[in-house]
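In the working numbering, the protein residues as written are -4 to 179.
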């Protein structure tokens, strides 16, 4: 079981990292509405301008209801005006055809970008992937997504970049000597 952890961002804001729960779907809906089109594009490879509230709620429900045998998802939450809000999320889904690899994704809300939250989420995710015996985390993005490219470049692990169907595939080698701290 992953224990919640409180971190301090570069701007001095307190953020709790914790496992996602099914009831977090409501928080994910609120997060979606606070993302800029550019951030949506970088995370989902599409700005998703035409999603209606029902579609957003259904996707949030799907993302919050993970299968713990094959998926891990962490939220970064902060207290804002007395309410808990999601300011970041990361996840991996183990590939069914290759259980030593998993697709990963990471998202940080616009007003928390550049504060070290993405790095903290990725390091925690890498530690959890290693605990599961995974050897590779991979994700798809566009080559213009400088934020994820910089994050991957500074995560302490070798990253292999290849183009795949017009998108950039990032692969992190979890067997290398680089060793982000394991989660508590």
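We put the beta carbon where it would ideally sit given N, CA and C, even for glycine.
Please read all numbers here as calculations on a predicted model, not as lab measurements.
Whether residue i touches residue j by CB criterion (8 Å)
i, j, result
"residue 117", "residue 146", "yes"
"residue 69", "residue 152", "no"
"residue 132", "residue 167", "yes"
"residue 9", "residue 104", "no"
"residue 112", "residue 3", "no"
"residue 6", "residue 110", "yes"
"residue 1", "residue 14", "no"
"residue 81", "residue 107", "no"
"residue 22", "residue 85", "no"
"residue 163", "residue 169", "no"
"residue 97", "residue 87", "yes"
Own chain residues within Cβ distance below 6 Å of residue i, not counting five before or after
i, result
"residue 143", "136"
Own chain partners of residue i with C-beta closer than 8 Å, once the 5 adjacent residues on each side are dropped
i, result
"residue 128", "95"
"residue 52", "20, 24"
"residue 30", "38, 102, 104, 105"
Sequence-distant residues of its chain with Cβ nearer than 7 Å to residue i (five each side left out)
i, result
"residue 171", "152, 153"
"residue 17", "59, 60"
Supposed contact pair residue j and residue i - C-beta distance, whole angstroms, cut 8 Å
i, j, result
"residue 65", "residue 89", "5 Å"
"residue 121", "residue 150", "7 Å"
"residue 56", "residue 20", "4 Å"
Those residues which DSSP pairs with residue i across a bridge
i, result
"residue 155", "166"
Only counting runs of 4 or more residues, tell me where the alpha helix (DSSP H) segments fall wholly within the segment 20 to 99, in order along the chain. 20 to 28, 32 to 39, 48 to 59
Give, in chain order, every unbroken run of the beta strand (DSSP E) that is at least 3 residues long and sits entirely within the segment 92 to 138. Correct list: 96 to 103, 131 to 136.
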